[in-house]
Amino acid sequence: MKRLKSKISRILVIYIVLFSSAITLILTAIQLNLDYKNGLTFLQQRINQIKLTNTDSIKQALWTLDNSSIQIQLDGMSRINDVIFVNVTDQNNQVIAQSGKINTKNIITSKITLSKEYRGKDTFLGTLTVIVTKENLYQQLIDTVIVILISQAIKTFLVSLFVLIIFYYLVTRHLEKIARHSDKLEISTKAEPLVLNRTRFHKYHDDELKHVVDSINRMSNNIYESYSKMIDNQIELAEREAKFSAIFDSISDAVVIVDNNMQIVQLNPAFIEQFGYTFDELKGQTTRLLFAHPEDYTRHGKNRYEPDTQPGSRAVTSIYNTDYRRKDGSTFPGETLGGAIKLTAGSLRGYIAIIRDTTERVKAKNEEQLLQQQLQQSQKLESIGQLTGGIAHDFNNILASILGYSELTMMQLSKYNDKDLDNYVEQIQLAGERARDLVAQMLSFSRSTPGEPQQVKLPELIHEVVTLLRPAIPSSIKLLTEIDEKVPMVLMDITQMHQVIMNLCINARDAIVNDGTLTIKLSYDKNVDSICTSCKDILHGEFVKLTIQDTGSGIKPELTDSIFEPFMSTKGVGKGTGMGLSVVHGILHKHHSHIIVESEINLGSSFHILIPPFNASTENNKPDDIKEKITVDDGKQKNILVVDDEESIAVFLKSLLTTYNYRVTYTTSSKDAVKLFTTSPNDFDLIITDQTMPELSGTEMIKQIFDIKPDIPVILCSGYSENINMDSALEMGCATYLEKPVKGKTLLKTLHEILSNK
Amino acid sequence: MKIKPYISIIFLFFIFSFQATAETKLHITTGFTPPVSDFYRNILKEVDKRMPELSISFEVLPAERSLILSNQGVNDGECCRIPLIITRQYKNLIPVNHSFFSARFSAFAKKNRKPIEKFSELKPYSVGSVEGWKIAVNKVKEVEPAETHIVTTPEQMFQMLDKDRIDYGIVGYLSGLKSISNLKIKGIRAIDPPLIEKPLYIMLHIKHKNLIPEFNKVILNMKNDGTINLLYNQLLKSL
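Note that the protein sequences, when read in sequence, are chains A and B.
Each step along the first sequence adds one to the number in the working numbering, with nothing skipped, and position 332 is 332.
Each step along the second sequence adds one to the number in the working numbering, with nothing skipped, and position 67 is 1067.
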């Protein structure tokens, strides 16, 4: 019952009662009105009936003035229902007879004229007055009202009760369940679907409640999904904000945001760090004070981003460069990228400027120019090196023939004891050796690998060089040394280092025209910060510094970048090969060392050699390991297969080895060599092969040979090859690697060692 | 335009000749019933004959209604009434000077009853009368006899008298005779002289005042030449 007393039920009942009462009242009023009219009609009919029934007799009695008869008739009429009073008056309006009495005001009075046609005329005889009461009619109406109201009240009560129960059963209890379900709804939780406990008929009936339930379920799902999306959006927004803040704060460039009034509203940490202001110091101000030159604010800042204040101007967002001023007054060059901040709707929210300190860039740009020069220099030297290497290879082949055959000639001439011929051949051999040394220097410049590095005590080496050099220095040139004996050791090929110092000292000597001073300095510089003159590398850190300084004519600035190129010489024709400084360049850079040239015309030049100090943990070379001990022995008829596309070299090797009791089979075709070896692999004890050959290269041929007989000793020779050295030759299984031109003795020693160890 | 004298004379002649030949219609009613009403009709027929300028019609009406209508001028005269009584209520009626008939209220009783001469002698008796006969009724009521029975018709009264329900019946003389004749009752007589005898006069509406002298002249002539008696005797013979 408590549920039945729910507010909506009460309201429903009240409305039903009110409506029913109103309808009842209206219908009752209509009913009463009709009854009243019917009652009046009935009364009028009664009067008419009296008129029809009694008028003639009363007329007759009145005509005959029979008052008693009239009285009798009136008495009879007054006993008729609702008739309370009747009377008859004569032509003088005098009452002749009457009956009844008037005891109420609710009456209907009807006057009936009594006349008689006499002699063709209507003769007025008198008036019959009939008064009927409406009291009975009213009483009937009251009774009717009471019956209607009571019956309607009972009906309304029963209908209301019925409606209440039906409404509760069909609606209210479901509404309460919907309310309870709705109370439990939480925006953050996906709700169970609302299901009403309805009868089978109503359950599947597509009515308003089903629509409400469907709508609530849809609404619940939509709210949950919307809430989830909102949360996701909030998270995404927070993440975006955090991301934006992180990005904004992590931007290494200074970022400033101004509003539409060009007042600063936001700065990033890089800005604060860059300019030295705090945000509070700049908040609300324009960016004018940030410009080193206030006119730049108008020229670059204000005019670009405040088009409205300058008629005809446009917001320009291109990058511009200007100088900025920090809080401490210092200035710096800055590159600024500005732009308007607009929402997607297009409304302007302000402007953003990203200011990049270009101090480092300017510096780097300068360095980049140096690097560019370095690259060009390196490329130039590399191309020259390749050219030189190619020439050296051919030269070596030629020299190998010259030296080999001159060596054979010397052997043959020893039988004749002709000193002149011996001297001729020896001069040929010396010239060939000088040529070989020249080629070796060329190869030293062009090769990518150093010679044989070892720990070198530079003070000792310099002293040796000074001792050797001093005779070559005229007395007009003062030779001075400033040697720091405690400099760390360096890892260098001692011979090549010797050559470097000699080359530089000879150049210094040649630069001094008459008299002057040649100074050799050795020191340990722990804070080098410079650029290599030849390779343009930027140099930082600790270096052992060897300086060859002269007071000569100096080098023209425009020649400084080209003095390390091969065949570049400022000396006169015949005075120099042009290879000195290029050899120095090649040797030093293959030992990770650099050279810096300082020169002034007529004041002299200084060549600073910067050598990295030796670190014992990274290098452990043993100089003694590379010393050769050559022993020439009898060939013992060992069969040697010689392969060289240069037939002169092949013939020379056959002659040399045959002299020393070797059996030699030679061929100028690497393919033929493979065929020979394939035919009878066990006939050969050792193979000497050139690397650079047409058809099959030396290494390719060796691989095929090893497929047939892996343990056959192979000596790989090469005049010049970037791809082959001792390590790679040993790695692929060769017994050793020899550089052309190979000295006869060296070859014989090598053969003896290999074959004796076999 | 000047009207010639002889044309005017001719015009006036036509006017007067028309007036001389036009009849005045008189409708005279009576409240008496037969045989009296028949006597009146005969008298007025004779008057009509003797007054050629008049055209008299006659009608019997209820007694009171006859007076009322004549007084109202609906009718032209009433025949016949006692002027002294009538003119107090009906002021528009004026009487003719000469009466030709008298109202006689007689007492009727069986023949063995003692004759009476005046109303006061009725007191110890049972007396009946008839409605409409106002003078008789009023006189009876004044006497307050031992029993009074006012009935509606003379026939009722004579039947009661015949059955001895009343001792004396008071009604007009001619009406009483007529009713006895009609009922053929034996042994009842009219006591002579009547208790009341009053002369009756023709009553004309005042608008016919100018006709009074002519009526006087004619009625007087009819009396004198015996016409009235003749007609009265004829009435009596019929009863």
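Every residue, glycine too, gets a C-beta built ideally from N, C-alpha and C.
With a contact defined as Cβ atoms closer than 8 Å, residue 78 of chain A and residue 99 of chain A qualify at about 4 Å. In the same chain as residue 395 of chain A, and ignoring 5 residues on each side of it, the C-beta atoms closer than 6 Å to its own belong to 439, in chain order. By the neighbour-count definition (other C-beta atoms within 10 Å, threshold 16), residue 1152 of chain B is an exposed residue. DSSP places residue 657 of chain A in no beta strand (DSSP E) but in the uninterrupted alpha helix (DSSP H) bounded by 647–659. Just measuring C-alpha positions, the residue of B:1154, B:1191 and B:1099 sitting nearest residue 1229 of chain B is B:1099. For residue 582 of chain A and residue 470 of chain A, the gap between their C-alpha atoms comes out near 24 Å. Listed along chain B, the residues sitting closer than 7 Å to residue 65 of chain A by beta-carbon distance are 1062, 1064 and 1065.
Contact annotation: in the stretch 1064–1086 of chain B, residues whose CB is within less than 9 Å of a CB in chain A are 1064, 1065, 1068, 1069, 1072, 1074 and 1075. Of all residues in the stretch 127–146 of chain A, none has a C-beta nearer than 8 Å to a C-beta of chain B. Per DSSP, residue 1083 of chain B is one residue of the alpha helix (DSSP H) stretching across 1083–1089. Closest in C-alpha terms to residue 1085 of chain B, from the list B:1217, B:1062, B:1227 and B:1103, comes B:1103.
Listed in chain order, the alpha helix (DSSP H) runs fully inside the stretch 11–93 of chain A are 67–78, counting runs of at least 4 residues. In the DSSP assignment, residue 158 of chain A falls within the alpha helix (DSSP H) that extends over 135–167. When the Cα atoms are used, residue 64 of chain A and residue 1162 of chain B turn out to be separated by approximately 28 Å. Shown here for residue 286 of chain A: same chain residues with a beta carbon closer than 6 Å to its own, the five before and five after excluded, namely 262 in chain order.
Each residue's CA atom was taken as its position, placing residue 1190 of chain B and residue 1133 of chain B some 17 Å apart. Within 7 Å of the CB of residue 123 of chain A, the CB atoms of chain B belong to 1074, in sequence order along the chain. With respect to the C-alpha of residue 137 of chain A, the residue from A:37, A:214 and A:529 having the closest C-alpha is A:37.
For residue 1147 of chain B, the uninterrupted beta strand (DSSP E) segment begins and ends at 1147–1151. Under DSSP, the beta-bridge partners assigned to residue 1130 of chain B are B:1151. Leaving aside the five residues that flank residue 476 of chain A on each side, the residues in its chain whose CB is nearer than 7 Å to its CB run, in chain order, 514 and 515.
Of the residues assessed, residue 658 of chain A falls on the exposed side of the cut-off, its CB having fewer than 16 other CB atoms within 10 angstroms.
For residue 118 of chain A, the residues of chain B that pass the 8 Å Cβ criterion are 1069 and 1074, in the order they occur in the chain.
Here DSSP, grouped into helix, strand and coil, assigns residue 690 of chain A to strand.
By the criterion of a C-beta distance shorter than 6 Å, residue 410 of chain A is surrounded in its chain by 425, once the five residues flanking it on both sides are discounted. Of the residues assessed, residue 274 of chain A falls on the buried side of the cut-off, its CB having 16 or more other CB atoms within 10 angstroms. Taking 7 Å as the cut-off, the Cβ atoms of residue 1122 of chain B and residue 1137 of chain B do not count as close. Residue 1024 of chain B counts as exposed, since fewer than 16 other C-beta atoms from the protein chains shown sit within 10 angstroms of its C-beta. Taking all protein chains shown into account, residue 97 of chain A has 16 or more neighbouring C-beta atoms within 10 Å of its C-beta and is therefore buried.
Inclusion of residue 1047 of chain B and residue 1218 of chain B in the CB contact set at 7 Å is warranted, their separation being smaller than that value. In the three-state DSSP reduction, residue 342 of chain A falls in the strand class (E or B).
In this structure, residue 112 of chain A and residue 128 of chain A form a Cβ contact; the two beta carbons are roughly 4 Å apart against a cut-off of 8 Å.
Counting of Cβ neighbours within 10 angstroms places residue 211 of chain A among the exposed residues, the total staying below 16.
Relative to the Cα of residue 666 of chain A, the nearest Cα in the group A:660, A:640 and A:685 belongs to A:640.
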